[in-house]
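J.:
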Amino acid sequence: MTLALVAPQTDTNRFSDAVANAGSILLYHGVADLRRSPRTLIDLGPQRAVYRYQPTAEVRSGPVLLVPPLAVADTCFDLRRGCSLVSHLVDGGRATYVVDYGRISFDDRRLGMEHWIDDVLPAAIRAVSADAGGQPVHLVSWSLGGVFCLLTAAEHADLPIASITPIASPVDFHAVPMAAPLLPVAKLTGGAILTQLTRLLGGAPKPMVQRAFQLSSVTRYLTKPLTLATNLHDRDFLAQMEAVDEFTRNMTAYPARTFGQSYQRLFRHNDLADGTLVLSAGRIIRLADVTVPVLVVAGKGDTIAPLASVNRVVDLLTGSPRVRSRVAPGGHLGVLTGRAAQTSTWAYLDEFLDEV
179 MTLALVAPQT
189 DTNRFSDAVA
199 NAGSILLYHG
209 VADLRRSPRT
219 LIDLGPQRAV
229 YRYQPTAEVR
239 SGPVLLVPPL
249 AVADTCFDLR
259 RGCSLVSHLV
269 DGGRATYVVD
279 YGRISFDDRR
289 LGMEHWIDDV
299 LPAAIRAVSA
309 DAGGQPVHLV
319 SWSLGGVFCL
329 LTAAEHADLP
339 IASITPIASP
349 VDFHAVPMAA
359 PLLPVAKLTG
369 GAILTQLTRL
379 LGGAPKPMVQ
389 RAFQLSSVTR
399 YLTKPLTLAT
409 NLHDRDFLAQ
419 MEAVDEFTRN
429 MTAYPARTFG
439 QSYQRLFRHN
449 DLADGTLVLS
459 AGRIIRLADV
469 TVPVLVVAGK
479 GDTIAPLASV
489 NRVVDLLTGS
499 PRVRSRVAPG
509 GHLGVLTGRA
519 AQTSTWAYLD
529 EFLDEV
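To convert a position in the sequence shown, counted from 1, into this note's numbering, add 178.
(1) Using a Cβ-Cβ cut-off of 6 angstroms (strictly less than) and excluding sequence neighbours within five positions of Gln232, which residues of its own chain qualify?
(2) Just to confirm the assignment, what range does the alpha helix (DSSP H) spanning Trp294 have?
(3) Is the beta carbon of Val501 closer than 9 angstroms to that of Ile345?
(4) Since Ile339 sits in a beta bridge, which residues does DSSP pair it with?
(5) For the 8 angstroms Cβ check, are there 3 or more pairs between the segment 274-289 and the segment 229-245?
(6) Tell me, which residues are paired with Asp278 by DSSP?
(7) State the Cα-Cα distance for the pair Thr436 and Leu495, rounded to the nearest angstrom.
(8) Pick from Asp285, Ser239 and Asp467: whose alpha carbon is nearest that of Val268?
(9) Using the C-alpha atoms, what's the distance from Glu420 back to Ser307?
(10) Starting from Arg551, follow its DSSP beta bridges and name the residues at the other end.
(11) Buried or exposed: where does Phe530 fall if 16 or more other Cβ atoms within 10 Å of its Cβ makes it buried?
(12) Could you pull the start and end residues of the beta strand (DSSP E) that Val245 belongs to?
(13) Touching or not, the segment 248-267 and the segment 511-525, by the rule of three or more beta carbon pairs under 8 angstroms?
(14) Find out if the Cβ-Cβ distance for the pair Ser319, Ile342 is shorter than 9 angstroms.
(15) Measuring alpha carbon to alpha carbon, tell me which of Ile462, Gln313 and Pro224 ends up nearest Leu544.
(16) Go to Leu172, then tell me how far its alpha helix (DSSP H) extends in each direction, as first and last residue.
(17) Run through the DSSP bridge pairs and tell me what Cys261 is partnered with.
(18) With contact counted as at least three CB pairs below 8 angstroms, one residue from each stretch, are the segment 278-285 and the segment 308-317 in contact?
(19) Can you name the start and end residues of the beta strand (DSSP E) that Arg504 belongs to?
(20) Using a Cβ-Cβ cutoff of less than 7 angstroms, which residues in the same chain neighbour Val422 once the five nearest sequence positions on both sides are dropped?
(21) For my contact list, Val470 and Ser498 are in at a C-beta cut-off of 8 angstroms; report their separation, rounded to the angstrom.
(22) Under 8 angstroms Cβ to Cβ from Asn489, same chain only, skipping five residues before and after it: list those, please.
(23) Using CA atoms only, rank isn't needed, just tell me which of Asp211, Asn191 and Arg192 is closest to Gln418.
(24) Between the C-alpha atoms of Ser347 and Arg461, what's the straight-line distance to the nearest angstrom?
(25) Nearest-angstrom Cα distance between Pro359 and Ala451?
(26) Here's the rule I'm using: 16 or more other beta-carbon atoms within 10 Å means buried, otherwise exposed. How should Leu375 be labelled?
(27) Report the partner residues of Leu495 according to the DSSP bridge assignment.
Below, the structure written as structure tokens:
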């Protein structure tokens, strides 16, 4: 008797919630709270704006600098209220900062990987350390931002870096299933088709970057209407979808030279799979030269940076005093800031930061 009464009530609640959510979407343009965490600019330079987030609790640990990949808005760390790595760190008493690269234009087409490894990230790290009273900085990064952090630490041992946490950062690009069909074409053409195109355009333009991210989760993209309809009662689920869509719309362009180097060295030649990156004649960066603790986090359902591609770096960081690896649920963005990240990725990060 009790079960018979409960089931209709549950269905009624789901229907009422679905109607309310539909109303919010149609009349108020969404259900997600996309307000960003308050922050203050502390440093400004070419392709570099460093912000300190306003603390909400007594600061109890060393500074954390959040490092996004190129072409991505820093909102990846502050996706929405209720699902924000920034809020999690700040509420946990951590002095939290982020570096924003700003908009990339045609005038930036000659900027190469060296610009970020030698100038942008070192300047941001030093600015955060100075703002935090000279303390060493914990780098927390996502996707190729993690690769750039590791390369920066390897090349500049004098930087005040306390630790590095690359999340969903691919190292062995030949272990990426999505890339496999393109490798024979790249080998046949010497990678000329794509690099020539981006050179003419001044880089990978914003629409190309957005479409590439959407196609990386093509199943989700194609089934979005059905997913929306079947989850219309779940406000938190809808808010997450809305926040991800807004994040994708805010992706930016990629500088031509940086894109060409990344494509040729990381994708086509797969340099980092053996722990080295050849940037130019006579200049080689070795991951073995990273001398700080590292936490590597991979997403169980990540198709852009699958487990084998991410975890390859664990065996290459031979100079690090401590290397931890963890696997968390979620795809490429989900492992960083999905609804399950708080009890997986963020918990692993807290444990690691407290240890080091």
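From the three backbone atoms N, C-alpha and C, an ideal C-beta is built for every residue, glycine too.
T.: Looking at the atomic coordinates:
(1) Pro216
(2) Taken as a continuous stretch (DSSP letters only), Trp294 belongs to no alpha helix (DSSP H), as it is neither H nor E.
(3) With a cutoff of 9 angstroms on beta-carbon distance, Ile345 and Val501 are scored as not near each other.
(4) Val315
(5) yes
(6) Ala227
(7) 24 angstroms
(8) Ser239
(9) 35 angstroms
(10) There is no way to answer for residue 551, as the model of the chain reaches only from 179 to 534.
(11) buried
(12) Ser239 to Val245
(13) yes
(14) yes
(15) No information on residue 544 is available, as it lies outside the stretch 179 to 534 that the chain covers here.
(16) Residue 172 falls outside the range modelled here, since the chain spans only 179 to 534, and no answer is possible.
(17) Arg258
(18) No, the segment 278-285 does not touch the segment 308-317.
(19) Val501 to Ala506
(20) Leu511
(21) 6 angstroms
(22) Val474, Ala476 and Ser503
(23) Per the Cα distances, Asp211.
(24) 23 angstroms
(25) Residue confidence for Pro359 is low, a pLDDT of 46 falling below 50, so the modelled location carries little weight; the figure read from the coordinates is stated next. Roughly 19 angstroms separates the two Cα atoms.
(26) Model confidence at Leu375 stands at a pLDDT of 43, short of 50, so the residue's coordinates are unreliable; what they give is reported in the following sentence. With fewer than 16 Cβ atoms within 10 Å of its Cβ, Leu375 is classed as exposed.
(27) None; Leu495 has no bridge partner.
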